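Peer 1: Be aware that the sequence shown starts at 112, since it is given in the working numbering, and climbs by one per residue.
Note that CB positions come from ideal geometry on N, CA and C, so glycine has one too.
Small disclaimer: the values here were computed from a predicted structure and weren't measured.
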Amino acid sequence: MFPQCKFSRALLHPRYWLTWFGLTVLWLLVLLPYPVLRFLGTRTGRLARPFLKRRESIARKNLELCFPNLMPEEREKMIVENFHSLGMALIETGMAWFWPDKRVRKWFDVDGLDNLMQAQAQKRGVMVVGVHFMSLELGGRVMGLCQPMMATYRPHNNSLMEWVQTRGRMRSNKAMIGRNNLRASSAR
Numbered sequence: 112m113f114p115q116c117k118f119s120r121a122l123l124h125p126r127y128w129l130t131w132f133g134l135t136v137l138w139l140l141v142l143l144p145y146p147v148l149r150f151l152g153t154r155t156g157r158l159a160r161p162f163l164k165r166r167e168s169i170a171r172k173n174l175e176l177c178f179p180n181l182m183p184e185e186r187e188k189m190i191v192e193n194f195h196s197l198g199m200a201l202i203e204t205g206m207a208w209f210w211p212d213k214r215v216r217k218w219f220d221v222d223g224l225d226n227l228m229q230a231q232a233q234k235r236g237v238m239v240v241g242v243h244f245m246s247l248e249l250g251g252r253v254m255g256l257c258q259p260m261m262a263t264y265r266p267h268n269n270s271l272m273e274w275v276q277t278r279g280r281m282r283s284n285k286a287m288i289g290r291n292n293l294r295a296s297s298a299r
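#1: Check whether the region 258–275 touches the region 128–135, taking contact to mean three or more Cβ pairs, one atom from each stretch, closer than 8 Å.
#2: So the alpha helix (DSSP H) G223 belongs to, where does it begin and stop?
#3: Would you report the Cα separation of F162 and T155, rounded to the nearest angstrom?
#4: With a 10 Å radius around its C-beta and 16 neighbouring C-beta atoms as the bar for buried, classify E185 as buried or exposed.
#5: Just mark M199 as buried or exposed, buried being the case when its beta carbon has 16 or more other beta carbons within 10 Å.
#6: Which one of M228, R280, V237 has the shortest CA to CA distance from G250?
#7: In three-state terms, what does DSSP make of M287?
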């Protein structure tokens, strides 16, 4: 299990300056009102599309395989919406990592939480399975606010991103478990 990462002076090394800059921009962006963030997120996705041709090609092929009966125009519309979601995912990651609890709570509703509480009241173990949508970071934060949990993850290759990512995720959860250490989750 990974406790909250401790800050190391090594994270101030010049090799991380560009990452620090990007994280600072993200932190400043998510101070804006949510409607502005939605606008910026979808526009970011639209602007990123020409630079992410491989991702677009994968999305197009997946849609052709999954929805062979759709007209090409309909698939194209889905690709556009996918890139809007991609841009929002970046913004939502910043929201998940940097927003205070009160602000996060303002923007979500949870259905079915009573099922989790009922199972816990009966002293039954519960495994919540989430899907890897683009809103994964924000979804994890929301679930942690409802009921602190342990979550599995893949440690980041960049030490600064690992520190920020783990710190952001631990704001409302009990522990982060490396995906190669799932036995730790059953010990709790």
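Peer 2: According to the data block:
#1: Result yes; three or more Cβ-Cβ pairs closer than 8 Å.
#2: Careful: G223 lies outside any alpha helix (DSSP H) and carries neither H nor E.
#3: 11 Å
#4: exposed
#5: buried
#6: R280
#7: Strand at M287.
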